[in-house]
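Engineer:
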Amino acid sequence: MGKSILIIDDEDLVRNYVRRALASRGWEISEANNGATALDLLRRKDFDAVICDLKMPDMRGEEVIKKIRDMLPGMKIIAITGSVSNITTPLVPGVELEGFLIKPFGIDEIRDLIEKVTGSEPPAERP
Amino acid sequence: MTTKANILVVDDEPQIAEMISASLQANGYSVSVVYDGEQAVRKIGSEKFDLAITDIQMPGMDGITALGEMKKLDPEVEVIIATGHGTMGTAIQSMRKGAFDYLHKPFEIKELLAVVEKALEKRKFNDITKAIFSTIKPEELLRVTLDSVTRILKAEESLLVLPDKDGKLRVAVSEGLDEESRLNSRLTLCERMMKRLDGGAKSFLLVDEPARDKTFSDLPGIGEIKCALFLPLMEENRPAGLISINRDQEGEYFTEADLQRAKIFGSLVNLALRNSNLYRQLQETQSQLIQAEKMSALGQLAGGLAHEINNPLSGILGLTQLVLESAKPDSQTYTDLKDIEKAVFRCKKIIVSLLSFARQEKTRLEPVSVNEVIEETLTLCARQMELKSVRIDRNFAQGLPLVTGDFQQLMQIFLNLFSNARDAMPDGGELTVETNLLKDPAGRELVMSTVSDTGAGIKPEILDRIFDPFFTTKPVGKGTGLGLSVCLGIIHRHNGTIKAHSRPGGGTTFTISLPVS
Chain A
875 MGKSILIIDD
885 EDLVRNYVRR
895 ALASRGWEIS
905 EANNGATALD
915 LLRRKDFDAV
925 ICDLKMPDMR
935 GEEVIKKIRD
945 MLPGMKIIAI
955 TGSVSNITTP
965 LVPGVELEGF
975 LIKPFGIDEI
985 RDLIEKVTGS
995 EPPAERP
Chain D
2 MTTKANILVV
12 DDEPQIAEMI
22 SASLQANGYS
32 VSVVYDGEQA
42 VRKIGSEKFD
52 LAITDIQMPG
62 MDGITALGEM
72 KKLDPEVEVI
82 IATGHGTMGT
92 AIQSMRKGAF
102 DYLHKPFEIK
112 ELLAVVEKAL
122 EKRKFNDITK
132 AIFSTIKPEE
142 LLRVTLDSVT
152 RILKAEESLL
162 VLPDKDGKLR
172 VAVSEGLDEE
182 SRLNSRLTLC
192 ERMMKRLDGG
202 AKSFLLVDEP
212 ARDKTFSDLP
222 GIGEIKCALF
232 LPLMEENRPA
242 GLISINRDQE
252 GEYFTEADLQ
262 RAKIFGSLVN
272 LALRNSNLYR
282 QLQETQSQLI
292 QAEKMSALGQ
302 LAGGLAHEIN
312 NPLSGILGLT
322 QLVLESAKPD
332 SQTYTDLKDI
342 EKAVFRCKKI
352 IVSLLSFARQ
362 EKTRLEPVSV
372 NEVIEETLTL
382 CARQMELKSV
392 RIDRNFAQGL
402 PLVTGDFQQL
412 MQIFLNLFSN
422 ARDAMPDGGE
432 LTVETNLLKD
442 PAGRELVMST
452 VSDTGAGIKP
462 EILDRIFDPF
472 FTTKPVGKGT
482 GLGLSVCLGI
492 IHRHNGTIKA
502 HSRPGGGTTF
512 TISLPVS
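From first to last, the protein sequence lines stand for chains A and D. The letter at position 27 of the first sequence is residue 901 when you use the working numbering, and the numbering goes up by one with no holes. The letter at position 41 of the second sequence is residue 42 when you use the working numbering, and the numbering goes up by one with no holes.
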């Protein structure tokens, strides 16, 4: 049975293709377009990994990620962002992420990363 | 010269006042007369006078008190005290209060005129000093300076020479030398004088009848000059330029007093020039600050823009790839989608370049590959070059050592050079970018990069000004004139050099050398 993934992004276009890219490989996908909805979902349901955009209106991605880490210390978290061109400083200070992707990213990049962090295929390994 | 000086005569004895007034008027001065101290002070407050001649013993306000009041109202007015009851005491008192000189009654008209003339000369000198120090723009300052010195020293012709960027002396301003051949001959005179000076510090140099001096006798038209005076312009205690002042009237030699004036004047001018230089440096710094501000604004803008564009771009990429998965590999749809995918990657690359260019943080020095800097920059301009039919020719040396530098700032230099090259070739052409490794005379390794275009070239007379802040050949609103001066600033911070070579019609080449880390 496929793992369960939550994708948090205010951008419909991004959620749309990420969901379809992962769903077509058997992962079960839930979506949230803001931090509050996401945290609510995480309280009610078990997930294997979370993909979270950093720049969102209302609650910032960094804050959402910190709250998830506090609430569910073992959760695999992947950050996605379109605001930087390269990573020179930690994306979310004080939180060690399981992975990140810089937009625009392709469908294989997100599939490979999810496989890696959830250990669905190759053994888990930190980037 | 304009009208002669304006003089106020103050004496309670109308006869004496009229007598002084008449003799001054006879000598061309414009004169007003008042009969007591209060009137004198009122007059000074309402009209502009160059000089006042006042009696001491007067009913009401006495001369010494009036002197003090007049100086309060107009510190520049010169005052001569005239008294029949003069003792050394009143004389000293009046000098302390700022009188220029004093006269004992009865005095001869000749005596009066001599003192008046001296006072007015001091006044003129003060005016000139003020003019020089209130002029801060270099070109204007040089003009004011030469005008004044020519007037003070009653010369027929004069010129001011300063070195250009290559150290060659050039005429900055001249007077009484309209013909080019005469001007050139005088410039050669100055060049030879500089050689004679040989770096020594002198306040002035005098050559009577330079035609008789072996050093100068072969110069065309040297016989016109009867008497040549040179004032060295100093820079860091070495003569950098000269003011050359020539008299051409037979027997009109410079007097001891002239030389004294020249000496004082020379030191004034040097001080003023240093002021002006400091001002120019200040302006340059300011303009670089403005540029830095602009860059930081652009950085913020680019950050926001990247976010806005990257989201939809990510959607285009992802959806394209999803459709690709179900498209037949040999169909037109498949090919089209592949093209869209490629286009997205091109956009991504451009945004990455834009971000790395615009993110202007503090100068961050790290080992940098010059080839990589140029490659990144070319990515950013490739499309614009294509639009203008500019072909890019890369000729990079492989395996170059790294230099110590700030990646973004170095990109800024090349971006500037590339866009200048593009603008120089409105009808297309070739942009050649080369990198090389070489050694300087001291044996240090340098990474040298050259950027050449096949454009219109730069005229020789402006080639040495292209790095000056605000210098631009582009139409108003097109260029700020800051690009190359910012480049120069960055290059200096990297201990490197940048040079331009150009021939009109033969394109322009910029050469940048950076020391290997």
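No residue lacks a Cβ here, since even glycine has one placed at the ideal position from N, Cα and C. Here the structure is a predicted model, which is why all the values come from computation and not from measurement.
1) Is there a C-beta anywhere in chain A that falls below 8 Å from the one on residue 314 of chain D?
2) Check whether chain D comes within 8 Å of residue 923 of chain A, counting only Cβ atoms and requiring the distance to be less than that.
3) For residue 440 of chain D, which beta-bridge partners are listed by DSSP?
4) Got a sec? Which residues, its chain only, sit under 7 Å from residue 220 of chain D by beta carbon, not counting five neighbours each side?
5) Under 7 Å Cβ-Cβ, which residues of chain D neighbour residue 892 of chain A?
6) Of all Cβ atoms in chain D, is any one closer than 8 Å to the Cβ of residue 905 of chain A?
7) Please confirm whether residue 318 of chain D and residue 338 of chain D have their CB atoms less than 8 Å apart.
8) Output needed in chain order: residues of the stretch 965-983 of chain A with a Cβ under 7 Å from some Cβ in chain D.
9) Go to residue 502 of chain D, then tell me how far its beta strand (DSSP E) extends in each direction, as first and last residue.
10) Comparing C-alpha positions only, which one of D/138, D/145 and D/179 sits nearest to residue 158 of chain D?
11) So the beta strand (DSSP E) residue 968 of chain A belongs to, where does it begin and stop?
12) For residue 463 of chain D, which option in D/502, D/249 and D/10 has the closest C-alpha, if you only look at C-alpha atoms?
13) Whole angstroms is fine: what's the gap from residue 877 of chain A's alpha carbon to residue 922 of chain A's?
14) Quick one: measure Cβ to Cβ for residue 951 of chain A and residue 942 of chain A, integer angstroms, because I've assumed they're closer than 8 Å.
15) Please report whether the beta-carbon of residue 339 of chain D lies at a distance below 8 Å from any beta-carbon of chain A.
16) Identify the contact partners of residue 308 of chain D in chain A, using a Cβ-Cβ distance below 7 Å as the criterion.
17) Buried or exposed, going by whether 16 or more other CB atoms sit within 10 Å of the CB of residue 408 of chain D?
18) Given 8 Å as the limit, is there contact between the stretch 226-237 of chain D and the stretch 247-256 of chain D, that is, 3 or more CB pairs closer than that?
19) I want to know whether the stretch 31-48 of chain D touches the stretch 10-18 of chain D - three or more CB-CB distances under 8 Å.
20) Should residue 302 of chain D be flagged as near chain A, meaning a C-beta pair shorter than 8 Å?
21) Do residue 488 of chain D and residue 414 of chain D come within 8 Å of each other at the CB atom, strictly closer than that value?
22) Note down, in chain order, all residues in the stretch 400-423 of chain D with a beta-carbon under 7 Å from any beta-carbon belonging to chain A.
23) Near residue 484 of chain D, what residues of its chain come up, given a Cβ to Cβ distance below 6 Å and the 5 sequence neighbours on each side ignored?
24) Leaving aside the five residues before and after residue 939 of chain A along the sequence, list all residues of the same chain whose C-beta is less than 7 Å from its C-beta, in chain order.
25) Determine the closest residue to residue 139 of chain D out of D/366, D/453, D/282 and D/61, with distance taken between C-alpha atoms.
26) Below 8 Å between beta carbons: does that hold for residue 247 of chain D and residue 156 of chain D?
27) From the DSSP output, in three-state form, read off residue 330 of chain D for me.
28) Could you work out which residue in A/935, A/898 and A/890 is closest to residue 971 of chain A when comparing CA atoms only?
29) When you compare each of D/104, D/210, D/121 and D/60 to residue 30 of chain D by their alpha carbons, which one comes out closest?
30) Which first and last residues belong to the alpha helix (DSSP H) in which residue 383 of chain D is found?
31) In whole angstroms, what is the alpha-carbon distance linking residue 101 of chain D and residue 142 of chain D?
32) What runs of the alpha helix (DSSP H), each 4 residues or longer, lie entirely inside the stretch 67-155 of chain D?
33) Is residue 486 of chain D helix, strand or coil when you go by DSSP?
34) Would a C-beta distance cut-off of 8 Å place residue 352 of chain D and residue 383 of chain D closer than the cut-off?
35) With DSSP as the reference, label residue 362 of chain D as helix, strand or coil.
Structural biologist: Well, looking at it:
1) yes
2) no
3) D/446
4) 186, 189 and 190
5) 319
6) no
7) no
8) 977, 978, 979, 980 and 981
9) 498-503
10) D/179
11) Residue 968 of chain A -> no beta strand (DSSP E), and no H or E assigned at all.
12) D/502
13) 6 Å
14) 6 Å
15) no
16) 929, 956 and 957
17) buried
18) yes
19) yes
20) no
21) yes
22) none
23) 417
24) 926, 951, 953, 966 and 969
25) D/282
26) yes
27) coil
28) A/935
29) D/121
30) 371-388
31) 29 Å
32) 89-97, 110-135 and 139-153
33) helix
34) no
35) Because residue 362 of chain D sits at a pLDDT of 46, beneath the cut-off of 50, its placement in the model cannot be relied upon, and the following sentence gives the value as read from the coordinates. In the structure shown, residue 362 of chain D sits in coil (DSSP, three-state: anything other than H, G, I, E or B).
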